[in-house]
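Shown next, in structure tokens, is the structure this report addresses.
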Amino acid sequence: GQIRDDLKIAEAIAIPLNVLMLLFVFGAAVAAGLPMVVALGSIAGSFFVLFLVTQFTDVSVFALNLITGLGLGLGIDYALLIVNRYREELARTNDVNASVIKTVTTAGRTVFFSGLTVALVLASMILFPQYFLKSFAYAGVSVVLFAVLASLIALPATLALLGHKVDKFKIRRGDLKPKESGAWSSLATAVMKRPLLIIVGTVTLLVALAAPAFDAKFSQVDDRVLPASNPEAIASDQIRDRFESQIPVEVLVPISVSIDEVNEYAKTLVADQNVVSAFTSDSFIEGETVSPLPPEQAVAASQAHHRITLYTDVESRNMDAQDLILRLRAIEPPVDGTLIGGQAAIFTDSQAGISDNLPEVLGWLTIATLIILFLFTGSAILPIKAVILNMLSLGATLGVLVWVFQDGNAMWLVGDFTVTGSLDTSTLVLVAIVTFGLSMDYELFLLSRIKEEHDNGADTTTSVSAGLQKSGRIITAAAVLIAIVFACFMTSGVTSIKMLGLGISFAILLDATVVRGLLVPALMRVAGDWNWWAPKPLRKLHARFGINE
Numbered sequence: 012g013q014i015r016d017d018l019k020i021a022e023a024i025a026i027p028l029n030v031l032m033l034l035f036v037f038g039a040a041v042a043a044g045l046p047m048v049v050a051l052g053s054i055a056g057s058f059f060v061l062f063l064v065t066q067f068t069d070v071s072v073f074a075l076n077l078i079t080g081l082g083l084g085l086g087i088d089y090a091l092l093i094v095n096r097y098r099e100e101l102a103r104t105n106d107v108n109a110s111v112i113k114t115v116t117t118a119g120r121t122v123f124f125s126g127l128t129v130a131l132v133l134a135s136m137i138l139f140p141q142y143f144l145k146s147f148a149y150a151g152v153s154v155v156l157f158a159v160l161a162s163l164i165a166l167p168a169t170l171a172l173l174g175h176k177v178d179k180f181k182i183r184r185g186d187l188k189p190k191e192s193g194a195w196s197s198l199a200t201a202v203m204k205r206p207l208l209i210i211v212g213t214v215t216l217l218v219a220l221a222a223p224a225f226d227a228k229f230s231q232v233d234d235r236v237l238p239a240s241n242p243e244a245i246a247s248d249q250i251r252d253r254f255e256s257q258i259p260v261e262v263l264v265p266i267s268v269s270i271d272e273v274n275e276y277a278k279t280l281v282a283d284q285n286v287v288s289a290f291t292s293d294s295f296i297e298g299e300t301v302s303p304l305p306p307e308q309a310v311a312a313s314q315a316h317h318r319i320t321l322y323t324d325v326e327s328r329n330m331d332a333q334d335l336i337l338r339l340r341a342i343e344p345p346v347d348g349t350l351i352g353g354q355a356a357i358f359t360d361s362q363a364g365i366s367d368n369l370p371e372v373l374g375w376l377t378i379a380t381l382i383i384l385f386l387f388t389g390s391a392i393l394p395i396k397a398v399i400l401n402m403l404s405l406g407a408t409l410g411v412l413v414w415v416f417q418d419g420n421a422m423w424l425v426g427d428f429t430v431t432g433s434l435d436t437s438t439l440v441l442v443a444i445v446t447f448g449l450s451m452d453y454e455l456f457l458l459s460r461i462k463e464e465h466d467n468g469a470d471t472t473t474s475v476s477a478g479l480q481k482s483g484r485i486i487t488a489a490a491v492l493i494a495i496v497f498a499c500f501m502t503s504g505v506t507s508i509k510m511l512g513l514g515i516s517f518a519i520l521l522d523a524t525v526v527r528g529l530l531v532p533a534l535m536r537v538a539g540d541w542n543w544w545a546p547k548p549l550r551k552l553h554a555r556f557g558i559n560e
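Take any residue in the sequence shown, note its place counting from 1, add 11, and you have its number in my numbering.
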């Protein structure tokens with residue numbers, strides 16, 4: 012209920028702000044409405060897909076936020092790219108049909124493989140066992156695919172119908188067609204004059220931002236994720252303050268073990284520093300003392316198990332609870348088949364579900380990115396560079412999230428929340444994967460124009476300068492607009508939604524400015540012709556399977 016109400020507020024803020032920004036960025040009222048063709052198509056289609064998925068499996072309510080944010084964001088991204096290229100071709104040929112065709116074979120090609128990359132990145136979350144993260148895979152993949160379909164079918168059809176009227180009801184004066192030279196080409200030229208200085212400076216900045224991440228502590232959401240004024244949060248806070256916290260851990264011992272052996276095992280468990288006391292079927296254990304229960308309090312064992320209830324002094328969903336469960340499970344039980352459960356154990360197993368599957372997810376992300384970027388560029392160097400830069404950007408974002416939400420800083424920016432001294436693991440995974448995907452989106456936007464210039468015979472320096480000029484404004488405008496969408500999530504009273512909003516909006520703005528505007532041109536200038544290098548077997552592979560216009 013809280014998320015549903017918060018989503019209405021976020022949308023009420025984000026949509027009017029984006030309309031104003033779209034009018035400014037596109038410069039004409041008709042063109043500014045085109046991203047909504049993509050956004051509404053992708054959001055409506057994704058909600059339908061999610062409805063179908065709910066008929067077969069559980070879906071997290073948080074997936075609604077992702078669909079809304081990504082639907083609006085990708086609608087803006089892809090419409091900006093396609094409309095910008097359409098204007099460029101229309102100014103060059105003055106032929107509507109030829110301009111639409113050229114737009115789809117160039118910008119449309121970029122959208123297709125950008126969407127494919129983002130979809131594959133988001134699909135990686137299906138490898139996690141938690142339905143929370145699987146939900147974002149369902150939502151993310153569907154919204155990207157519908158955004159691509161709307162961009163390649165509905166949007167070009169609309170442009171063909173509009174023709175020259177795409178610039179009707181101009182808001183900005185002057186010619187709206189893209190300029191061949193300007194601020195972005197000047198920036199690229201300035202950066203490439205001092206590439207090593209730029210590389211050292213930007214990498215130092217990213218590492219400094221990432222520094223707090225080394226002290227990250229992980230947990231899962233509990234009642235404190237809600238606003239402090241929420242009745243559930245008030246009640247739980249009163250219990251913490253006024254009553255001794257004794258979170259139970261449940262232990263089941265097979266019935267083949269005698270009750271005396273169960274009591275001895277319980278004594279070894281109670282010896283742990285965080286276990287306060289224990290109840291078995293017939294005894295209360297505190298420290299070394301075993302007190303028989305009165306007959307009316309004794310509990311008969313089930314047909315299969317004896318039950319031990321341990322009372323502890325730790326919260327059930329943080330790293331202290333995880334350490335406790337691991338220590339208890341390391342104690343040799345009286346017989347195989349002994350089980351340790353409860354909320355702390357659920358948290359521990361959930362964390363293990365993420366950490367155990369993380370290598371597969373990282374492998375999926377890396378391999379998918381390397382393959383698609385290689386097929387797109389024919390280079391063995393550019394895909395590796397893209398993955399490394401994305402990791403640097405993600406590290407910086409994680410550092411900022413630790414500084415804000417774990418340490419309790421910048422509440423003036425994100426609004427009030429309960430500081431728990433830890434970060435929700437699942438939300439961090441979601442932020443990391445979504446921002447990785449969107450970063451690859453912008454990487455393809457930039458590389459497509461640089462490669463096009465290079466394929467037309469320009470050297471690397473000229474290609475980078477011209478490519479950044481033709482894509483820099485699009486990338487930055489798209490990043491600002493999508494950042495507005497996600498930044499509005501910070502109005503939510505739910506802390507994990509605030510994290511999602513700040514994490515994605517910060518990462519996108521950092522990537523579109525510092526990384527794409529400074530670090531990429533500097534690195535490409537240093538690499539020179541090596542940017543386009545690939546070993547002979549890979550060159551043959553690209554010649555056969557490469558993605559060309």
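Each residue gets a CB set at the ideal place from its N, CA and C atoms; glycine is no exception.
Treat the numbers as computed from the prediction; the structure is a model and nothing was measured.
{"query": "Anticipated Cβ contact below 8 Å, G406 with W543, distance rounded", "result": "About 28 Å separates the two Cβ atoms, so there is no contact after all."}
{"query": "I572 vs L381 beta-carbon contact at 9 Å", "result": "Absent from the structure is residue 572, since the part of the chain shown begins at 12 and ends at 560."}
{"query": "Buried/exposed call for S302, threshold 16 Cβ in 10 Å", "result": "exposed"}
{"query": "Minimum C-alpha distance to V325 - residue among I93, P546, Q284 and D360", "result": "Q284"}
{"query": "Contact the region 116 to 135 vs the region 438 to 456: 3+ CB pairs below 8 Å", "result": "yes"}
{"query": "Straight-line gap, E454 to G348 (C-alpha atoms, nearest Å)", "result": "51 Å"}
{"query": "The region 508 to 518 touching the region 528 to 537, judged by at least three CB pairs closer than 8 Å", "result": "no"}
{"query": "Distance between A356 and A332 (C-alpha atoms, nearest Å)", "result": "8 Å"}
{"query": "Residue interval of the alpha helix (DSSP H) (run including L198)", "result": "A194 to K204"}
{"query": "Proximity of L45 and V177 at Cβ, strictly below 9 Å", "result": "yes"}
{"query": "Start-to-end residues for the alpha helix (DSSP H) that takes in R318", "result": "R318 -> not in any alpha helix (DSSP H); beta strand (DSSP E) instead, spanning H316 to T323."}
{"query": "Under 9 Å between C-beta atoms of L384 and A227", "result": "no"}
{"query": "Unbroken alpha helix (DSSP H) run spanning D377, endpoints", "result": "The question names Asp, yet the displayed sequence has Thr at residue 377. Taken as a continuous stretch (DSSP letters only), the alpha helix (DSSP H) holding T377 covers Q354 to T388."}
{"query": "Same chain, Cβ closer than 7 Å to V505, five either side skipped, listed in chain order", "result": "Q13, I14, D17, V236 and L237"}
{"query": "G174 and V107 closer than 9 Å at C-beta", "result": "yes"}
{"query": "Stretch-stretch touch, CB-based, cutoff 8 Å, three pairs: the region 478 to 487 with the region 194 to 205", "result": "yes"}
{"query": "Cβ-Cβ distance between D435 and M501 below 9 Å", "result": "no"}
{"query": "Of the residues V155, R120 and L131, the one placed nearest L51, counting alpha carbons only", "result": "V155"}
{"query": "8 Å contact criterion, which S57 and I78 should meet: CB distance rounded", "result": "5 Å"}
{"query": "Alpha-carbon to alpha-carbon, L304 and F295", "result": "6 Å"}
{"query": "Host alpha helix (DSSP H) of V36 (start-end)", "result": "Q13 to F37"}
{"query": "Whether F124 touches S433 by CB criterion (9 Å)", "result": "no"}
{"query": "8 Å contact criterion, which V268 and L321 should meet: CB distance rounded", "result": "Contact flag wrong, Cβ pair sits at about 17 Å."}
{"query": "Span of the alpha helix (DSSP H), counted from its first residue to its last, around S53", "result": "L45 to T65"}
{"query": "Of the residues R555, I485, P532 and A490, the one placed nearest F37, counting alpha carbons only", "result": "I485"}
{"query": "Whether A315 touches I270 by CB criterion (9 Å)", "result": "no"}
{"query": "DSSP bridge partner residues for F229 (one or two, in chain order)", "result": "L434"}
{"query": "Anticipated Cβ contact below 8 Å, T117 with M451, distance rounded", "result": "So it is not a contact: roughly 19 Å between Cβ atoms."}
{"query": "Neighbourhood of L457 by C-beta, 6 Å cutoff - its chain only, sequence neighbours within 5 removed", "result": "S482 and R527"}
{"query": "Cα-Cα separation, I258 to T215", "result": "44 Å"}
{"query": "Per-residue burial, V281 [other beta carbons within 10 Å of its own, 16 or more giving buried]", "result": "buried"}
{"query": "Reference G514; option with closest CA among W414, M330 and Y142", "result": "W414"}
{"query": "Spatially closest choice to V425 from S507, K547 and D540, by CA coordinates", "result": "S507"}
{"query": "Contact set for G443: own chain, Cβ-Cβ below 6 Å, skip 5 residues either direction", "result": "Looking at the sequence itself, residue 443 is Ala, so the reference to Gly does not match. Answer for A443: L405, listed in chain order."}
{"query": "Endpoints, the alpha helix (DSSP H) within which F497 is located", "result": "T471 to A498"}
{"query": "Element boundaries [alpha helix (DSSP H), containing A158]", "result": "Y142 to L160"}
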